[in-house]
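Take the sequence shown: its position 167, counted from the start at 1, is 172 in our numbering, and no numbers get skipped.
For reference, the structure is listed below as structure tokens.
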Amino acid sequence: MVLLESSVTSTPIEVIASSFLAIFLAEIGDRTFFVIAVLAIKNSRSAVFLGNWITISILAVIAAFIGAAAMKFIDPLYIQIASCIMFLVYSLLCFYEAYHGENESDSDKNDPLLAGNESNGENHDPLLAENSQRLSWMKAFWKTAIMVFLAEWGDKSNITIISLSALSDPILVAIGAILGFAVIGLIGVIVGKLVEKYINEKAIKIAAGVLFLIFAIFALLMIIYDFEF
Numbered sequence: 006m007v008l009l010e011s012s013v014t015s016t017p018i019e020v021i022a023s024s025f026l027a028i029f030l031a032e033i034g035d036r037t038f039f040v041i042a043v044l045a046i047k048n049s050r051s052a053v054f055l056g057n058w059i060t061i062s063i064l065a066v067i068a069a070f071i072g073a074a075a076m077k078f079i080d081p082l083y084i085q086i087a088s089c090i091m092f093l094v095y096s097l098l099c100f101y102e103a104y105h106g107e108n109e110s111d112s113d114k115n116d117p118l119l120a121g122n123e124s125n126g127e128n129h130d131p132l133l134a135e136n137s138q139r140l141s142w143m144k145a146f147w148k149t150a151i152m153v154f155l156a157e158w159g160d161k162s163n164i165t166i167i168s169l170s171a172l173s174d175p176i177l178v179a180i181g182a183i184l185g186f187a188v189i190g191l192i193g194v195i196v197g198k199l200v201e202k203y204i205n206e207k208a209i210k211i212a213a214g215v216l217f218l219i220f221a222i223f224a225l226l227m228i229i230y231d232f233e234f
């Protein structure tokens, strides 16, 4: 909070640096950071990074230029309800994939047709493979965008941007915030990549399911007791 109480910075570099530092400290280890890290596992990392950065940058610009009025454009209660439902659904999907994916993998290994195709080294249609990869990328992008939007709308980082914009040039504040979000997103994606190397897919799905279930519970508590985490 020292940043908010200090005098207005005089140079563009100082304003950008202040905004960058405020966002970095607010977001590192925050809920959105873990969302990015989890989604970066077994998903396209470029899709997760861009889905997060574009969405959160738009929210940063809205907060910087429109301010508190924008945060009231959508009732926070609706966002909290949608966030709770989204986290719960994704938690259940993770648990389902942890169980179903293992069974599916075992059945594939026991399927003589699939086994024969692999042993013969037959290639799939490259056009179909490319379309499938593109669809998978878009799915990861939009999944990330939606979850980040629900997690970040009206979050403390947006309140920080609004406060800084009241003291300094909103354009410079937005630039610093966007750079801060980019660094946080990159770190989150790297963490997801590192985790993927050391933990098997089933354990990752179970851990993700537990994490999103915790987020869903906290979102529900926010609705009931009206607090922020």
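Glycine residues also receive a C-beta, built at the ideal position from the N, C-alpha and C atoms.
Note down the Cα distance separating residue i from residue j, rounded to an integer number of angstroms.
i	j	result
G193	I63	19 angstroms
V178	G197	29 angstroms
I164	A31	11 angstroms
I61	A68	10 angstroms
L191	F54	7 angstroms
W158	N205	33 angstroms
A27	V94	32 angstroms
L44	I18	33 angstroms
I151	W58	12 angstroms
F39	F146	16 angstroms
A171	V215	39 angstroms
F25	D35	15 angstroms
A103	L199	19 angstroms
L226	Q85	10 angstroms
When we look at the beta-carbon of residue i and count the other beta-carbons within 10 Å, is it buried (16 or more) or exposed?
i	result
A134	exposed
S124	Since pLDDT at S124 reaches only 44, below the 50 mark, its modelled position is unreliable, and no value is offered.
Q138	exposed
T149	buried
L140	exposed
M143	exposed
S49	buried
I167	buried
I180	buried
Confirm, please, whether the CB-CB distance from residue j to residue i is below 8 angstroms.
i	j	result
A224	C89	yes
T37	V188	no
A65	A208	no
V20	S162	no
F92	F186	no
L82	I228	yes
L155	A87	yes
I41	E201	no
S23	L169	yes
P175	F70	yes
Practice item. Quick one: which unbroken beta strand (DSSP E) runs of 3-plus residues sit fully inside the region 22-102? Chain order, please. Key: Those beta strand (DSSP E) runs which fall completely within the region 22-102 and span 3+ residues do not exist here.
Check your understanding: What are the complete alpha helix (DSSP H) segments, minimum 4 residues, inside the region 134-180?
Key -> Counting only runs of 4 or more, we get 161-172.
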